[in-house]
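S.K.:
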Amino acid sequence: MTAALVRAAEDLATDMARLDLRGRIRLVEDRIPGRLVFTTSLGIEDQALTHALALNKGRTEIVTLDTGRLFPETYDVWVETEAAYGIRIRAYAPERQAEEAFVAAEGINGFRHSITARQQCCGFRKVEPLGRALDGAAAWFTGLRAGQSANRADTPLAEADEGRGLIKVNPLADWTRADVDRFVRDNFIPYNALHDRGFPSIGCAPCTRAVKIGEDERAGRWWWEQESKKECGLHLHRPEGDVVPGQEAAAFEESASAATSREDRRELV
Ligand code: SF4
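So the mapping is simple: our numbering equals the position in the sequence shown, first residue as 1, plus 259.
1. Please report the Cβ distance between A432 and L416, rounded to the nearest whole angstrom; I am assuming they are in contact, meaning their Cβ atoms lie under 8 Å.
2. Report yes if the C-beta of P529 is less than 8 Å from at least one heavy atom of ligand 1; otherwise report no.
3. Indicate whether L301 and T326 have their beta-carbon atoms separated by less than 9 Å.
4. Quick one: complete beta strand (DSSP E) runs, 3+ long, within the stretch 414 to 453?
5. What are the start and end residues of the alpha helix (DSSP H) that includes K271?
6. Contact check, W483 vs R411 under 8 Å by CB: the rounded distance?
7. Please report the distance separating the alpha-carbon of N315 from that of F297.
8. I need the boundaries of the alpha helix (DSSP H) containing R281, first residue and last residue.
9. From the DSSP output, in three-state form, read off A464 for me.
10. If you measure between the beta carbons of G406 and W434, is that distance less than 9 Å?
11. What does DSSP give as the partner residues of V296 in its beta bridges?
12. When the Cα atoms are used, what is the spatial distance from Q306 to E474?
13. Roughly how many angstroms lie between the CA atoms of E269 and M275, to the nearest whole one?
14. Could you give the DSSP three-state label for T352: helix, strand or coil?
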């Protein structure tokens, strides 16, 4: 199963490389049976993907993780995108009990207290909802690019996510930021207004700042943490077994530890 998944992902990546964006998506939809999911953060790369998926009118579900801490501008572009393409982007929200327990214990911005607290917040706001969003999926589309950060430099067009038992598809892996900007501009694609205010990468409002000239694209994410610690789980391989609500932080740490040993650590969207 694992070897077959790895081989299928490698073959897919090879064949995708010859195609344009819409062709890459079509190939995945033609080749992989079962549920296909695209998780959009509503950032500019994901807007390019949403545009291509909407024009293709294929069978990939477009979903987002509504952490409850997003910027108002992110909700604005969400509404604008649904109106522009006549689609509904399905939201996955944090489990109420986990959120209430965290806020009661740590405070509303308790993720600043420690890396463990921050990972716990990302655990119940992002990682656990992601698990539900990908439940039963055969392929997971992302807007990851190799050029986004050093941690993403080896991002392939398609890879086996053995922990989740699916193929992770990154159709923009070989695009530069200039490619994305050009595609969005040329196709009049709606995008988050914060991108024009120094935010190349946009996550939760309290954990994202504008970057300075010369800084890495993702320097504005969890800027108070050391570079090597800036992980929170979406693009780490999930540990075997389900994440139990309320135990996401422990699951994350186990996952992060295993990933580190494989030199396979990736950042969150
Ligand atoms: S990015 Fe910040 S607010 Fe959002 S889930 Fe992670 S720690 Fe919590």
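Ideal Cβ placement from N, Cα and C applies to all residues, glycine included.
M.R.: So, to answer that:
1. 5 Å
2. What the structure shows of the chain is the stretch from 260 to 528, and residue 529 is not part of that stretch, so it cannot be assessed.
3. no
4. 417 to 420 and 425 to 428
5. According to the sequence provided, residue 271 is Leu. The question's Lys does not apply to it. Taken as a continuous stretch (DSSP letters only), the alpha helix (DSSP H) holding L271 covers T261 to M275.
6. Incorrect: roughly 21 Å between the Cβ atoms, too far for contact.
7. 14 Å
8. For R281, the enclosing alpha helix (DSSP H) has its first and last residue at L280 to R290.
9. Here A464 sits in helix by DSSP.
10. yes
11. E320 and W399
12. 23 Å
13. It is roughly 10 Å from the alpha-carbon of E269 to the alpha-carbon of M275.
14. The amino acid occupying residue 352 in the given sequence is Ala; Thr does not appear at that position. It is coil, neither helix nor strand.
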